[in-house]
Amino acid sequence: MPIPETSSSEEIERFKVRSASEIDRLILAIMEGKGFVTVYSDTLQDFLVTSIIALDKAKRSFYLGCGNDERVNQALLDSTSVMFTTTQDQIKIQFSTPAIVRVVHDNEPTFKASYPTEVIRFQRREYYRLATQILKPIKCFIPAEDTLVETMVVDISVGGIGVLSYRQGVPLEPGKEYHGCRLELPDSGTFLVSLSIRTTFDVTLKNGVLSHRLGCQFISLPGYVENEIQRYILRSERERRLFQN
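Everything in the sequence shown is counted per this note's numbering, starting at 40 for the first residue and increasing by one.
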């Protein structure tokens, strides 16, 4: 399964949906699918896994279940905007809304949010790929031939990673699977993942050093690791925009 090499933030434009009728259809489909929705605070430090439980079509808003952790609930309520990520028909969906409010719906405390003005809908089996920061490198250690091969992650998505390996004599072969790989995300933690090597080719860097470029696909990525990768991508994009401004 190929993974697109999208490393620029402009690439995400091709995934955006701005049609109000199409957004209405997507929100309805998410609710009817009864899938989980992850809601992030504006700092991306707090998040809640919940679901859309009802719609107010006349006011173009929807209701979400509150969480059990009141600190997280309050962090979401204090946010000037919140971000939602979910999956619908195996397609990744992401959107943001202005501040949410707490209301009572069907005699139960719930959150209420307005419909977004745009939705990012990744095509089936496609994911936005973020070029990593040189100042905050990501490393991935891949077990091969009774040793750990240290690699530098050059781009990352929830679908996979692109890495550079400087190790000579230890083949990482296309088509092979490697389990127990150690992915180290700055400011997030270390996570064990399984990788399938999809592509490999040699690259000579500007300093003349020969390295191996590998395109890797995640295998059965656990949900909590996917959430941490998503948070890392969102945080990095926010930091990059602040730096550019």
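Cβ coordinates follow ideal geometry from the N, Cα and C atoms, glycine included.
The three-state secondary structure of Tyr217, taken from DSSP, is strand. At the C-beta level, Cys255 and Ile236 come within 7 Å of one another. Look at the segment 88 to 138 and you find these whole runs of beta strand (DSSP E), each 3 residues long or longer: 91 to 95, 100 to 104, 120 to 127, 130 to 137.
Contact between the segment 137 to 144 and the segment 175 to 195 is absent: fewer than 3 CB-CB pairs across the two stretches fall below 8 Å. With fewer than 16 other Cβ atoms from the protein chains shown falling within 10 Å of its own Cβ, Phe240 counts as exposed. Linking Leu87 to Gly262 through their CA atoms gives a straight-line distance of about 13 Å.
For Arg252, the closest C-alpha among the options Leu211, Tyr217, Glu278 is that of Leu211. In this structure, Ser227 keeps its C-beta atom at 7 Å or more from the C-beta atom of Glu184. Residue state for Leu273 is assigned as helix, using DSSP reduced to three classes. Distance between Ser90 and Leu115, taken at the CA atoms: about 15 Å. Under the DSSP assignment, Asp63 falls in the alpha helix (DSSP H) whose first and last residues are 59 to 71. Between Tyr154 and Pro182 a beta carbon distance of about 46 Å is seen, past the 8 Å cut, so the two are scored as non-contacting.
Annotation: Ser80 to Leu222 spans about 25 Å, alpha carbon to alpha carbon. In this structure, DSSP gives Tyr79 an extended state, which the three-state scheme calls strand. Taking 7 Å as the cut-off, the Cβ atoms of Ser250 and Leu203 count as close. Taking 7 Å as the cut-off, the beta carbon of Val193 is found no closer than this to the beta carbon of Phe230. Per the C-alpha coordinates, the member of Ala138, Ile132, Tyr205 positioned closest to Phe54 is Ile132. For Pro182, the enclosing beta strand (DSSP E) stretches over residues 177 to 183. Separation of Thr238 and Val158 (C-alpha to C-alpha, rounded to the nearest whole angstrom) is 31 Å.
Bounds of the beta strand (DSSP E) holding Gly201 are 199 to 204.
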